[in-house]
Each structure stands twice: as C-alpha cells, then as structure tokens.
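Quick notes on the structure that follows.
There are 2 protein chains.
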Amino acid sequence: MTTMRDVAEHAGVSIATVSFVINNTKPVTQATRARIEASMEALGYRPNAVARALASRRTRVLALAYPALDHRLGGSGMEFMIAAARRAGEHGYHLMMWPGTNDGREMTDLLGQRMVDGVILMEVQLDDPRVRPLQASKTPYALIGRTADPSDSLHVDIDFEQTVTDAVRHLYDLGHRRIVLVTGTQVSESYYNYGPYVRTERAFVDVTARLGLEPVIVASGHDAGAGRELAQRLRTEQPDATAVVLLNEFAAIGLLIGLHHQQLRVPDDLSIVSMVTSDEMASLAEPTLTIMRSPGTELGELAVEHLVRQMTTGQRPDPVLLPSILVPGESTSPPPHTPIGRR
Amino acid sequence: MTTMRDVAEHAGVSIATVSFVINNTKPVTQATRARIEASMEALGYRPNAVARALASRRTRVLALAYPALDHRLGGSGMEFMIAAARRAGEHGYHLMMWPGTNDGREMTDLLGQRMVDGVILMEVQLDDPRVRPLQASKTPYALIGRTADPSDSLHVDIDFEQTVTDAVRHLYDLGHRRIVLVTGTQVSESYYNYGPYVRTERAFVDVTARLGLEPVIVASGHDAGAGRELAQRLRTEQPDATAVVLLNEFAAIGLLIGLHHQQLRVPDDLSIVSMVTSDEMASLAEPTLTIMRSPGTELGELAVEHLVRQMTTGQRPDPVLLPSILVPGESTSPPPHTPIGRR
DNA sequence: GTGAAAGCGCTAACAG
DNA sequence: CTGTTAGCGCTTTCAC
Numbered sequence: 001m002t003t004m005r006d007v008a009e010h011a012g013v014s015i016a017t018v019s020f021v022i023n024n025t026k027p028v029t030q031a032t033r034a035r036i037e038a039s040m041e042a043l044g045y046r047p048n049a050v051a052r053a054l055a056s057r058r059t060r061v062l063a064l065a066y067p068a069l070d071h072r073l074g075g076s077g078m079e080f081m082i083a084a085a086r087r088a089g090e091h092g093y094h095l096m097m098w099p100g101t102n103d104g105r106e107m108t109d110l111l112g113q114r115m116v117d118g119v120i121l122m123e124v125q126l127d128d129p130r131v132r133p134l135q136a137s138k139t140p141y142a143l144i145g146r147t148a149d150p151s152d153s154l155h156v157d158i159d160f161e162q163t164v165t166d167a168v169r170h171l172y173d174l175g176h177r178r179i180v181l182v183t184g185t186q187v188s189e190s191y192y193n194y195g196p197y198v199r200t201e202r203a204f205v206d207v208t209a210r211l212g213l214e215p216v217i218v219a220s221g222h223d224a225g226a227g228r229e230l231a232q233r234l235r236t237e238q239p240d241a242t243a244v245v246l247l248n249e250f251a252a253i254g255l256l257i258g259l260h261h262q263q264l265r266v267p268d269d270l271s272i273v274s275m276v277t278s279d280e281m282a283s284l285a286e287p288t289l290t291i292m293r294s295p296g297t298e299l300g301e302l303a304v305e306h307l308v309r310q311m312t313t314g315q316r317p318d319p320v321l322l323p324s325i326l327v328p329g330e331s332t333s334p335p336p337h338t339p340i341g342r343r
Numbered sequence: 001m002t003t004m005r006d007v008a009e010h011a012g013v014s015i016a017t018v019s020f021v022i023n024n025t026k027p028v029t030q031a032t033r034a035r036i037e038a039s040m041e042a043l044g045y046r047p048n049a050v051a052r053a054l055a056s057r058r059t060r061v062l063a064l065a066y067p068a069l070d071h072r073l074g075g076s077g078m079e080f081m082i083a084a085a086r087r088a089g090e091h092g093y094h095l096m097m098w099p100g101t102n103d104g105r106e107m108t109d110l111l112g113q114r115m116v117d118g119v120i121l122m123e124v125q126l127d128d129p130r131v132r133p134l135q136a137s138k139t140p141y142a143l144i145g146r147t148a149d150p151s152d153s154l155h156v157d158i159d160f161e162q163t164v165t166d167a168v169r170h171l172y173d174l175g176h177r178r179i180v181l182v183t184g185t186q187v188s189e190s191y192y193n194y195g196p197y198v199r200t201e202r203a204f205v206d207v208t209a210r211l212g213l214e215p216v217i218v219a220s221g222h223d224a225g226a227g228r229e230l231a232q233r234l235r236t237e238q239p240d241a242t243a244v245v246l247l248n249e250f251a252a253i254g255l256l257i258g259l260h261h262q263q264l265r266v267p268d269d270l271s272i273v274s275m276v277t278s279d280e281m282a283s284l285a286e287p288t289l290t291i292m293r294s295p296g297t298e299l300g301e302l303a304v305e306h307l308v309r310q311m312t313t314g315q316r317p318d319p320v321l322l323p324s325i326l327v328p329g330e331s332t333s334p335p336p337h338t339p340i341g342r343r
C-alpha cells in the first residue's frame with residue numbers, strides 16, 4: 001500500500017508538502033505541485049481516510065439513524081435514504097446506516113465512537129430521546145420530522161399541515177362535506193407520539209373547522225389487511241362519509257379492495273386521497289389513487305444539504321417544510337347523492 | 001473528551017492494560033479489570049473508533065455497494081439493506097452505503113481509502129467490473145447475485161433456477177400447458193446482462209423442455225404501466241397462454257389491472273405467479289397474488305454473516321442459494337377451457 | 001514556498 | 001499479569 005511518505009520520496013519533497021497539495025491548504029509552486037501530482041498518479045496513491053480522520057478530527061462520515069424494530073419504512077423512507085446517500089457522496093461524505101432503537105443510550109454510544117461528523121435522524125418522535133445526547137455532544141445533526149419544540153433543532157419535514165389542508169380542500173371543492181381522516185394514533189402506543197399523525201390530525205381539525213365540517217378521525221392499522229377491514233367499519237361507523245383521507249398507502253389500497261368487495265365504487269360512492277404516497281404506489285391501485293405525493297427524495301437531499309451547510313458554516317439553516325403535491329388519480333370525484341351507509 | 005490515557009491515570013494503570021481489558025486481548029487480574037471498568041464508567045469513556053481503526057488496521061466498517069442511477073431497488077432490495085445493516089451491527093460492524101455506478105474505478109477509490117474492511121455488492125452483473133478491483137485489493141467481499149463464473153467469489157443469491165422451476169411446476173400441476181415467462185432482458189441494454197433474468201430464462205427453458213412444453217418468453221418493462229400494456233399484448237401475441245410467470249411485482253399488479261380492464265378474470269381466465277415478490281406487495285393486488293416470496297431479509301443477513309465469517313476465519317464460505325417459497329394467493333387456479341386469445 | 005516535528009488515540013509487540 | 005514503546009498515516013503548527 002502506498003502512503004504519503006512514498007509519494008513524498010518519489011517526488012523529492014516532504015510529506016507536509018504532499019499534504020498541502022492534496023488538501024489545497026497552503027500555496028505550493030505550480031512546478032512542485034505538478035511533480036507531486038505526477039508521483040501520486042504514478043504510484044496510484046489514495047489518501048488513507050482513517051489516518052486523515054484521526055489527524056484532522058473529521059471523518060467525513062454522516063450517520064443515518066433510523067428505528068430498526070419499528071414498522072418498516074415505506075417507499076418514501078427508501079427514497080429518502082437513497083437520495084441522502086447520493087447527495088452525501090456529492091459533498092464528499094459517506095453515509096453510514098445506523099439502525100437502532102429510539103433510545104438515547106445508543107446515540108451516546110455512536111457519538112462516543114467519534115466516527116461520524118454529523119447525524120441525520122429519521123422517524124423523529126415528538127419527544128425524541130435521541131436529541132438530547134446529540135445536543136450535549138455538540139455534534140451537528142438534522143432531523144427528518146420535528147420534535148415538539150422544533151425551534152431548537154435543524155430540521156426538514158413534510159408539511160403535513162399544508163398537505164392535509166390541500167387534500168381536504170381538494171375534496172371540499174369537489175363538493176364533499178363529510179370527510180374522514182384515517183390515521184394510526186390510536187392503534188399502537190408507539191404511534192401515539194408520532195409527529196406525522198399528530199400534526200395531521202391537528203391540522204385536519206383546523207381546516208374542517210374553517211370549512212364548517214365535522215372533524216371525523218378514524219384509526220386504522222398500517223397494512224392492506226387493515227385497509228380492507230376499514231371498508232367494513234366505515235360503512236357502519238361513518239355512514240355519511242363521502243370521502244376519506246389516509247396517511248398510509250398500504251391501507252389506502254387495502255381500503256380500495258375492501259370497498260370493491262362490498263360492491264362499492266371508487267370514486268362514485270366514496271372518494272379517496274392517499275397522503276405520503278409515491279407515484280409507483282398510486283399506479284398499483286385500481287382505480288389509480290389520487291395522492292399527495294411525498295417529497296422523499298427532495299427531503300433526503302435537503303437534509304444532507306442543510307447538515308453539510310451547518311457543518312461548514314457553523315450556522316444552523318432555517319427549518320424547511322416541503323409541501324406534498326396533489327397528483328390527481330382516479331379515486332376522487334364529486335360526492336354521491338347517497339352516502340355509503342344510507343342505502 | 002476522555003481518552004484512554006485518562007482512564008489509565010484514573011485507574012492507576014498503563015494505557016496498555018486498559019487496551020487489554022477493552023479488547024479482551026490479554027489476561028488481566030479480576031481486580032485491576034474491575035478498577036479499570038469502574039474508571040471507564042466513571043469517566044464515561046468510549047473508545048475512539050477512528051484511532052482504533054488506524055492502529056489496528058481494521059475499521060469494522062462494511063460497505064454496501066449498490067447502483068445509484070439504475071432502476072430503483074424493489075421492496076426486497078430494501079429488505080436486504082435493512083437486514084444487512086442490522087446483522088452487521090450485531091457483529092460489531094457498521095454498514096456504509098456506497099451508491100455508485102457499476103464501474104471499477106469507483107470501487108478502486110473506495111478501497112484505496114481503506115475505510116472499509118469488507119464490501120457487499122448488490123445488483124451484481126454477470127460480468128461485473130467491480131469484482132476485479134476487489135480481488136486485486138484482497139478486500140473480503142460478498143456478492144448478492146452471481147457473476148458468470150460464480151466459483152471465484154463468495155456469494156449468496158436467490159435460487160432463480162429453483163424458483164422458476166417451482167413456479168412452473170405449480171402451474172403445470174394445476175393443469176397448465178401453455179405457460180409464459182415475462183422478463184425484461186430485451187427491454188433495455190442494462191438488463192441484457194442481468195443475472196436474475198438470464199438465469200431465470202435459462203432455467204425456464206430447461207424446465208419447460210423437461211415437461212414437454214414450449215418455452216415462451218415475453219419481454220416487458222418494470223412498472224405497472226408496462227404490466228397494463230402487457231395485458232393487451234398477451235391476448236394477441238400469446239392467444240393460447242393460460243398462465244404467466246413474472247419477475248417484477250409492479251408489472252405483475254399492472255398486468256392484473258390490465259386484464260381486469262379487458263374483462264378477463266384472474267385466475268379463471270389466466271393464472272399469474274409473481275416471482276421476487278413480498279407478502280406486502282401480494283396483498284396489494286386484487287385478487288391477491290400467488291408469489292414466490294423473495295428471501296430479501298435472509299439474504300441480507302446471510303451476506304453479512306458469510307462476509308464476517310470470511311474475515312474472521314480467513315476461509316471463504318461456500319456460496320448459498322436461497323429458495324423462494326411459494327405462497328399461494330388467489331391468482332392461480334386450473335386453466336380455463338378456452339385460452340384468452342381464442343374466444 | 002517548503003520542511004521538521006509533534007501529535008491524533010489507540011494497538012500490539014516486546015520486555016519484565 | 002502489567003508496563004514501555006514504537007508505530008498506524010496523516011494534519012498542522014512553527015521555523016526557515
């Protein structure tokens with residue numbers, strides 16, 4: 001393995017000078033620079049990242065922390081990871097996967113290893129125990145999602161408030177007056193504190209109030225099976241509903257199937273909007289789903305971008321909330337004359 | 001930041017002794033060990049992973065190399081990544097994402113940085129340019145998938161031969177005699193060399209031959225839209241087909257929808273088996289898909305397991321091919337009396 | 001503009 | 001069983 005010393009000898013300079021040209025950290029004559037570069041090329045030299053990290057106290061590694069045991073990441077979670085890794089690479093950083101429980105102890109361990117320059121936190125809870133160790137260690141970090149007090153951390157997130165507002169507005173404009181929001185807060189304890197649900201519910205209450213509608217919220221599980229069951233429950237529990245907004249794409253498609261089994265037609269009998277959904281998933285449904293397309297890729301890029309900026313400038317960028325875009329599919333239309341439960 | 005020297009002083013020993021207890025690398029009296037551990041605890045000491053890596057020449061980092069620009073990883077790719085990261089953690093390793101083009105140069109760069117102890121290669125091509133630099137560098141690596149000459153690399157893979165054989169056999173036993181395989185080899189150049197397609201096609205030819213059937217192979221794109229179109233083409237191009245085996249879950253669901261639009265019933269008019277598919281995706285279809293469930297999670301764990309074993313024992317474990325399990329859904333049944341194109 | 005030298009925090013002989 | 005010490009390969013003052 002060829003080291004910096006080898007290059008220095010080959011070029012007839014000191015290793016310091018080699019270091020200077022590699023890092024572009026001090027002026028070096030064009031001539032010696034050229035000589036050194038030639039030597040590096042000739043010897044096939046690559047700087048040892050570990051030695052570099054030890055000496056410079058910067059590893060150029062970012063950690064991507066996500067919950068290992070919890071519900072699996074949806075399609076947009078995947079988009080996020082891939083995009084973040086790509087963008088990190090473009091900035092000269094590596095992205096390290098850091099599965100873990102949502103607990104502060106593990107975060108302390110990670111940070112103690114001094115192996116990462118910064119951390120991106122996925123699936124942030126309103127009261128997230130991982131944040132405190134981060135703050136204490138002074139390690140730069142970015143949140144995907146928000147804690148209860150968003151002001152104290154760099155974060156990027158989907159604008160759930162705007163998203164649900166747009167979704168409801170879309171349905172309202174079509175003529176719907178009885179719109180049901182399906183979330184999962186009540187389903188399991190771990191979701192009680194789940195930002196996307198909580199924020200969406202709050203904003204839903206607001207927007208329905210503004211429009212003079214009742215804020216009907218129904219709980220459901222997160223898979224297709226739960227969606228199918230939901231089709232039955234809706235009919236009895238929400239007989240007057242003409243439209244449903246969901247926060248989970250699997251449940252949305254399951255609902256579609258469940259309704260079909262009940263001879264109910266979408267969108268004629270019931271309109272459906274699926275939030276936090278990708279185009280691919282929308283196209284798997286029949287009829288295709290009207291979705292609020294989640295900005296997974298943009299979010300991943302933005303998180304890295306902002307984190308890197310903070311690390312280089314030392315200043316924390318402002319939070320960013322990205323809107324979801326309404327992508328009309330075939331699952332929304334004006335409401336039926338008779339709601340599904342009144343026949 | 002507290003270092004090993006701090007711990008040593010606090011415990012009244014040399015740093016070597018501290019190192020010995022941390023790494024369990026030399027016998028140490030129970031008494032001094034206890035004292036040292038107490039000191040570590042008291043000072044909140046965590047070993048610096050970077051210094052450790054430099055001194056020991058082992059980073060305890062594994063790279064997960066996957067193509068950045070190519071088609072997006074399916075659900076099982078995601079499963080794979082998550083599982084690999086988890087299992088790596090259980091072995092005391094970190095998993096670093098390494099998006100890249102499928103090119104050897106980038107691999108050489110990665111290895112030159114000496115930042116990873118081992119590499120896992122996803123989406124391996126039959127003739128993969130990343131393998132040569134790996135071999136040259138002596139870095140342990142594991143392939144997910146196989147090169148044309150599988151004997152020269154540690155690898156784990158789905159047993160596509162077995163999988164397609166089982167799928168065809170299942171249909172044959174139901175009475176089908178005109179079974180169409182849908183792959184993507186012809187669709188784009190980058191798939192020409194794609195192991196899963198190539199191997200599946202070959203095995204399909206074999207198994208149909210053994211059963212005395214014609215080896216009908218049709219090309220299709222990889223999304224739901226392509227699947228929908230396929231429904232039309234099948235009827236004219238393969239009028240006698242009674243069953244279809246696909247290698248892409250999105251296309252499979254698209255096909256289902258396309259057939260539905262043509263008033264064709266699944267499985268009454270046409271049976272469908274979707275390979276490399278997850279239970280979740282199967283449940284999104286109506287009717288639910290009969291699938292060959294892809295062992296994404298097992299594969300991820302196995303890849304790490306074998307790579308770590310190779311790194312510790314120095315011996316290359318035998319390759320492993322994992323079967324896909326047939327999970328019956330609602331999309332297969334005995335064939336119709338009249339094939340879809342003969343009405 | 002270039003070089004000498006002191007670390008970065010730890011591992012691993014080697015000595016005792 | 002424990003301590004001394006020489007690095008690991010690079011960055012970064014501080015002289016020249």
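Chains A and B, in that order, are what the protein sequence lines are. The first sequence begins at 1 in our numbering and counts up one residue at a time. The second sequence begins at 1 in our numbering and counts up one residue at a time. Beta carbons: idealized from backbone N, C-alpha and C, even for Gly. Source: prediction; values computed, not measured.
Open item on the list: Which residues in chain A have a C-beta closer than 8 Å to the C-beta of L59 (chain B)? List them in chain order.
Closed with: Your numbering for residue 59 (chain B) matches position 59 in the second sequence. First, the residue type needs correcting, since residue 59 (chain B) is Thr and not Leu in the sequence shown. Result: V50.
Task: Range covered by the beta strand (DSSP E) that runs through G100 (chain B) - done: Counting from one through the second sequence, the residue named residue 100 (chain B) turns up at place 100. That run of the beta strand (DSSP E) goes 94 to 100.
Task: Nearest-angstrom Cα separation, counted from N248 (chain A) out to S294 (chain A) - done: Here residue 294 (chain A) is taken as the residue at index 294 of the first sequence, counted from 1. Here residue 248 (chain A) is taken as the residue at index 248 of the first sequence, counted from 1. If I take the Cα positions, the gap works out to 11 Å.
Open item on the list: Against chain B, does I253 (chain A) count as a neighbour if the rule is that its beta carbon must be under 9 Å from one of theirs?
Closed with: Locating residue 253 (chain A) in the first sequence gives position 253, counting from the first residue. So, interface residue.
- [ ] Label N24 (chain B) either buried or exposed according to how many other C-beta atoms from any shown protein chain fall within 10 Å of its C-beta, with 16 as the threshold for buried.
- [x] By 1-based counting over the second sequence, the position of residue 24 (chain B) is 24. N24 (chain B) is exposed by the Cβ-count criterion.
TODO: Determine whether the Cβ of P47 (chain B) lies closer than 9 Å to any Cβ atom of chain A.
DONE: As a working mapping, residue 47 (chain B) is identified with position 47 in the second sequence. Cβ-Cβ to chain A under 9 Å: yes for P47 (chain B).
- [ ] Please report the residue range of the beta strand (DSSP E) in which D157 (chain A) lies.
- [x] Numbered from its first residue, the first sequence carries residue 157 (chain A) at position 157. Note, D157 (chain A): beta strand (DSSP E), 155 to 158.
Open item on the list: Taking only three categories from DSSP, how would you classify T290 (chain B)?
Closed with: Taking the second sequence and counting its residues from 1, the one referred to as residue 290 (chain B) is at position 290. In the three-state scheme derived from DSSP, where H, G and I count as helix and E and B as strand, T290 (chain B) is classed as strand.
Open item on the list: Could you check whether the Cβ of H91 (chain B) sits closer than 9 Å to any Cβ belonging to chain A?
Closed with: In the second sequence, residue 91 (chain B) corresponds to position 91, counting from 1. By this cut-off, H91 (chain B) is not an interface position.
Open item on the list: Any beta carbon from chain B within less than 9 Å of D347 (chain A)'s own beta carbon?
Closed with: An answer regarding residue 347 (chain A) cannot be provided, because it is not within the stretch 1 to 343 covered by chain A.
Open item on the list: Cβ closer than 9 Å: which chain A residues qualify as neighbours of F250 (chain B)?
Closed with: Position 250 of the second sequence, counted from the start, is the residue given in the question as residue 250 (chain B). Result: E280, S283, L284.
TODO: Kindly indicate if chain A contains any beta-carbon less than 9 Å away from that of G195 (chain B).
DONE: Position 195 of the second sequence, counted from the first residue, corresponds to residue 195 (chain B). No, because no Cβ of chain A sits closer than 9 Å to the Cβ of G195 (chain B).
- [ ] Determine the contact status of V119 (chain B) and T139 (chain B), defining contact as a CB-CB distance below 9 Å.
- [x] Start at 1 with the first residue of the second sequence, and residue 119 (chain B) comes out as number 119. Start at 1 with the first residue of the second sequence, and residue 139 (chain B) comes out as number 139. A contact, by the Cβ cut-off of 9 Å.
Open item on the list: DSSP has Y172 (chain B) in a bridge; who is on the other side?
Closed with: Here residue 172 (chain B) refers to the residue found at position 172 of the second sequence. BP columns for Y172 (chain B) are empty, so no partner.
Open item on the list: Tell me which residues share the same chain as P336 (chain A) and place their Cβ nearer than 8 Å to its Cβ, disregarding the 5 neighbours each side in the sequence.
Closed with: Locating residue 336 (chain A) in the first sequence gives position 336, where the first residue counts as 1. Only T242, D268, D269, L270 meet the Cβ criterion.
Task: Below-9 Å beta-carbon distance, D70 (chain A) vs any chain B residue - done: For the purposes of this step, residue 70 (chain A) is identified with residue 70 of the first sequence, where counting begins at 1. With a pLDDT of 49 at D70 (chain A), under the threshold of 50, the modelled position of this residue cannot be trusted; read the value that follows with caution. It does not; no Cβ of chain B falls within 9 Å.
Task: Where D223 (chain B) meets chain A, residues with beta-carbon distance less than 9 Å - done: Translated into the one-based positions of the second sequence, residue 223 (chain B) becomes position 223. In chain order: E280, S283.
TODO: Buried or exposed for I325 (chain A), please, with buried defined as at least 16 other CB atoms from any protein chain shown within 10 angstroms of its CB.
DONE: Numbered from its first residue, the first sequence carries residue 325 (chain A) at position 325. Flag for I325 (chain A) reads exposed.
- [ ] Buried or exposed for G258 (chain A), please, with buried defined as at least 16 other CB atoms from any protein chain shown within 10 angstroms of its CB.
- [x] Residue 258 (chain A) sits at position 258 when you count from the first residue of the first sequence. By the 10 Å Cβ count, G258 (chain A) comes out buried.
TODO: Evaluate the contact criterion for the stretch 85 to 99 of chain A versus the stretch 88 to 97 of chain B: three or more CB pairs, one atom per stretch, below 8 Å.
DONE: yes
Task: Partners in chain A for R86 (chain B), counting only beta-carbon separations shorter than 7 Å - done: For the purposes of this step, residue 86 (chain B) is identified with residue 86 of the second sequence, where counting begins at 1. For the C-beta of R86 (chain B), the chain A residues within less than 7 Å are, from N- to C-terminus, A68, P99.
- [ ] Would you check if the distance between the CB atom of P334 (chain B) and the CB atom of H176 (chain B) is smaller than 9 Å?
- [x] Locating residue 334 (chain B) in the second sequence gives position 334, where the first residue counts as 1. Locating residue 176 (chain B) in the second sequence gives position 176, where the first residue counts as 1. Against a cut-off of 9 Å, the Cβ pair of H176 (chain B) and P334 (chain B) comes out as a contact.
Open item on the list: Counting only Cβ-Cβ distances shorter than 9 Å, please list the residues of the stretch 259 to 281 of chain B near chain A, keeping chain order.
Closed with: H260, H261, E280, M281
Open item on the list: Taking its Cβ as the centre, do 16 or more other Cβ atoms sit within 10 Å of Q135 (chain A), making it buried, or is it exposed?
Closed with: Position 135 of the first sequence holds residue 135 (chain A). When all chains shown are included, Q135 (chain A) counts as exposed.
Task: Selection from B:R309, B:L321, B:R342 that minimises the alpha carbon distance to Y141 (chain B) - done: As a first step, residue 141 (chain B) is located in the second sequence; it is residue number 141 there, counting from the start. Answer by Cα proximity: B:R309.
Task: Proximity to E301 (chain A) [Cα-Cα], best of A:I272, A:R57, A:I82 - done: Translated into positions along the first sequence, residue 301 (chain A) becomes position 301. Considering only alpha carbons, the answer is A:I82.
- [ ] May I ask you to list, following chain order, the residues of the stretch 108 to 125 of chain A that have a beta carbon less than 7 Å from some beta carbon of chain B?
- [x] D109, G112, Q113, R114, M115
Open item on the list: Quick check: is the beta carbon of I15 (chain A) nearer than 9 Å to any beta carbon in chain B?
Closed with: Your numbering for residue 15 (chain A) matches position 15 in the first sequence. So, not an interface residue.
Open item on the list: Just to make sure I have the definition right: I need the residues of chain A whose C-beta is within less than 7 Å of the C-beta of I257 (chain B). Which are they?
Closed with: Reading the second sequence from its first residue, position 257 is the one you call residue 257 (chain B). Ordered by position in chain A, the residues that pass the 7 Å Cβ test against I257 (chain B) are E286.
TODO: Anything in chain B within Cβ reach of A53 (chain A), meaning under 7 Å, just list it in chain order.
DONE: Here the question's residue 53 (chain A) lines up with position 53 in the first sequence. Per Cβ cutoff of 7 Å: V50.
Task: 9 Å Cβ cutoff, H10 (chain A) in contact with chain B - done: Reading the first sequence from its first residue, position 10 is the one you call residue 10 (chain A). It does not; no Cβ of chain B falls within 9 Å.
Open item on the list: In the DSSP output, what is Q310 (chain A) paired with across the bridge?
Closed with: Sequence index remark: in the first sequence, residue 310 (chain A) carries index 310 (1-based). Per DSSP, none; premise fails for Q310 (chain A).
- [ ] Give me the Cα-Cα distance between P317 (chain A) and R265 (chain A), rounded to the nearest whole angstrom.
- [x] One-based indexing of the first sequence puts residue 317 (chain A) at position 317. One-based indexing of the first sequence puts residue 265 (chain A) at position 265. One C-alpha to the other measures close to 47 Å.
Open item on the list: Any contact between the stretch 217 to 237 of chain A and the stretch 281 to 294 of chain A? By contact I mean 3 or more CB pairs, one from each, below 8 Å.
Closed with: A contact is defined here as three or more CB-CB pairs under 8 Å, and the stretch 217 to 237 of chain A fails this definition with respect to the stretch 281 to 294 of chain A.
TODO: For chain B, find out if any of its Cβ atoms is closer than 9 Å to the Cβ of M300 (chain A); answer yes or no.
DONE: By 1-based counting over the first sequence, the position of residue 300 (chain A) is 300. Sequence inspection shows Gly at residue 300 (chain A); the Met mentioned does not correspond to that position. Cβ-Cβ to chain B under 9 Å: no for G300 (chain A).
- [ ] Find the nearest neighbour of M107 (chain B) within the set B:A209, B:R343, B:Y66, judged by alpha-carbon distance.
- [x] Here residue 107 (chain B) refers to the residue found at position 107 when the second sequence is read from its first residue. Measuring from the Cα of M107 (chain B), the nearest candidate turns out to be B:Y66.
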